[in-house]
Structure formats: structure tokens, C-alpha cells
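A.B. asks: For the first sequence, the working numbering assigns the number 3 to the initial residue and increments by one for each residue that follows.
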Amino acid sequence: MDLTRRALQVAPELLGCVLRVRGIGVRIVEVEAYEGADDPASHAWQGPTARNASMFEAGGRIYVYTLHGHACLNVVCGPEGVASAVLVRAGEVVEGIEEARERRPGVRDAWLARGPGNLCRALGVTRADDGTVLGSGGIELVPGAAPAGVRAGVRVNVSRAFARPWRFWDAGSASVSAAKLHPAARAAAPRQPSG
DNA sequence: AAGATGATTGCCT
DNA sequence: GGCAATCATCTTA
């Protein structure tokens, strides 16, 4: 897969692929695209900072940031110098499920990697993994068949640019996260159809 | 050095 | 559906 294309194009193709981190693999079932200067909802909207530097690298690395104490993982896209990334929001554990269960005690299997913060916790990904090149450091992306039913909708919990349907998910998966809207988005689209 | 913010989560009603 | 916990990062002084 060519990861130097823009995130919006890569995002739906990531569904069905397997993301493997140090022996634990998840089949990706939910993603969101984030671009750079043209995307007010993106971390890179206002230019490079110490945190988002990985978003400006060439496609093929990962960008890991922390929010509210949780780590979130993105697949960096686009050519070097252009900010573009796909947030991996949820997956189904297909490999190393015993270890994933230990990291997420009391959670049913389908929910082990449901939600971007939970997915990183199940995989053991932290901010220390930021900037890792896929295929190194025990982290790799394995191509897989696209799901039969791919749906698109607005991104979850973003406070700006909430009209863009840049979220993609496998309609047939029980591991897709809850799609909560930011209050500003709810005010603008009170009759937003659910997924 | 201190205050505001948020691509979240989980518990509450 | 509402909201509080929680903390790295960024802004302002």
C-alpha cells in the first residue's frame, strides 16, 4: 500500500489490514483521516510543534500522541513535509489475545481494542513509539482484505470541521467505538444519523 | 511558572 | 445522555 498518498485516500483502505505491535495483532475496523493546514480539526492545523512532528514525516511511520492520559496511534501518510495521518480508532484482536486481555482486565474480547486509547492500551503502544517506521521496532502493518460493508461518517468528538465525513468503519464489526459527537457538532447537526 | 485545552474513557442518572 | 477524571502539550507571563 502506498502511504505517501493523502490520508483521506488511504484511510478506507486501512480497514481490514492487520496492525501488529510486538506480537499482538489487531484487524483495523475503524479509522479517521486528518490532514494538515486545510483541516482545522487536525493537530497539525497551525503548523509543526514538538508534539506533531511525526505528522510531517513521509508516510510509513506512526504518530502517537497522548490525550487525557491516553495514547492514540496514527498511520502517517503523505510525502515528507506534508502533514497527513490516519487515526486508528478501533480493531479486533486477532493475535496475542491473551496478552491483550491481561492489559484490559474485565473487558469483553470484542472491546479490547475499541476506541483509540483502548486500542493503544491493548497493543502496549505509548508515546515512546512515536515516529517508529512501520516494519521496524516490532511494529508492522499487514495488508488484508477490505470488509464487505464500509461506512463513512463524521469524525468523533472533534470540535472543528465536524461536517467532514472522514471517518470510515466496518459496518459488520462489533468492535467499532461509540460515535459521540462534540457538543459544537451536535448543535450544528442535531439530526445527525447514527451509524 | 501557571493556566487552558482536548482526535478519551468510564461511571453516573 | 451528561459529566468528571486526568495529564501531556501549548500558550501566556
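Think of the CB as a built atom: it goes at the ideal place given N, C-alpha and C, for glycine as much as any other residue.
The structure presented is a predicted model; accordingly, all values stated were derived computationally and were not measured.
Terminal residues of the continuous beta strand (DSSP E) containing Val-198?
C.D. replies: No answer is possible for residue 198: it lies beyond the span of the chain, which begins at 3 and ends at 197.
A.B. asks: Along the beta strand (DSSP E) that carries Glu-32, what are the first and last residues, could you check?
C.D. replies: 26-36
A.B. asks: CB Leu-5 to CB Cys-79, shorter than 8 Å?
C.D. replies: yes
A.B. asks: Given 7 Å as the limit, tell me if Leu-114 has its C-beta closer than that to any heavy atom belonging to the ligand COA.
C.D. replies: The ligand COA is not part of the structure shown, which contains no ligands of any sort.
A.B. asks: Three-state secondary structure (DSSP) at Asp-102?
C.D. replies: Before going on, a small fix: residue 102 reads as Ala here, not Asp. DSSP places Ala-102 in helix when its eight states are reduced to three.
A.B. asks: Start and end of the beta strand (DSSP E) containing Arg-7?
C.D. replies: Looking at the DSSP string, Arg-7 is not in any beta strand (DSSP E), and its letter there is neither H nor E.
A.B. asks: Run through DSSP, which three-state label would Glu-82 get?
C.D. replies: coil
A.B. asks: Among the residues of its own chain, which have a CB less than 8 Å from the CB of Val-96, if the five just before and after it don't count?
C.D. replies: Val-20, Gly-27, Val-28, Arg-29
A.B. asks: Could you tell me the alpha carbon to alpha carbon distance between Ala-13 and Gly-151, rounded to whole angstroms?
C.D. replies: 15 Å
A.B. asks: Can you find the residues in the same chain that come closer than 7 Å, C-beta to C-beta, to Pro-50, ignoring five residues on each side of it along the sequence?
C.D. replies: Phe-58
A.B. asks: Between the C-alpha atoms of Arg-24 and Ala-9, what's the straight-line distance to the nearest angstrom?
C.D. replies: Spanning the alpha carbons of Arg-24 and Ala-9 requires a straight line of approximately 25 Å.
A.B. asks: Any idea what DSSP makes of Asp-132, helix, strand or coil?
C.D. replies: The DSSP-derived three-state label of Asp-132 is coil.
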